[in-house]
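Our numbering applies: residue 1 is where the sequence shown begins, and numbers increase by one.
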Amino acid sequence: MAPPAGLVIRPARTDDELMAWNRVRRVVVPDEPIATIEQLRAMVAEDGRSFVLAEERGGYVTRSISHVVRRDAI
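(1) Taking the alpha-carbon positions, what's the residue 46 to residue 58 distance?
(2) Grab me the residues of residue 26's own chain with a C-beta within less than 7 Å of its C-beta, minus the 5 sequence neighbours each way, in chain order.
(3) What number of angstroms, rounded off, separates the C-alpha of residue 41 from the C-alpha of residue 31?
(4) On the criterion of 16 or more Cβ atoms from any shown chain inside 10 Å, does residue 53 qualify as buried, or is it exposed?
(5) For residue 51 versus residue 18, is the C-beta spacing smaller than 8 Å?
The structure is reproduced here in structure tokens:
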């Protein structure tokens, strides 16, 4: 299934993108603690997480986390 026209889904890699990921997270789950940029980067290095942003018309609309799993680990 194709995403809606104009929707761009991509990894959050820069500090600005990770801060945007945190801003969206704060809206979605306002009562949960927010990780620092350094903590987010440590999670990426530690277990291969990827923080993902969805953007539409120049604004971020949602965020997610993905994990890379090795085939031999399944």
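The C-beta atom is built at its ideal place from N, Cα and C for all residues, glycine as well.
A quick look at the data gives this:
(1) Rounded to whole angstroms, residue 46 and residue 58 show a C-alpha spacing of 31 Å.
(2) The beta carbon of residue 26 is closer than 7 Å to those of 34 in its chain, skipping five residues each way along the sequence.
(3) Spanning the two alpha carbons is a distance of roughly 22 Å.
(4) With 16 or more other Cβ atoms within 10 Å, it is buried.
(5) Yes, these two residues count as a Cβ contact at 8 Å.
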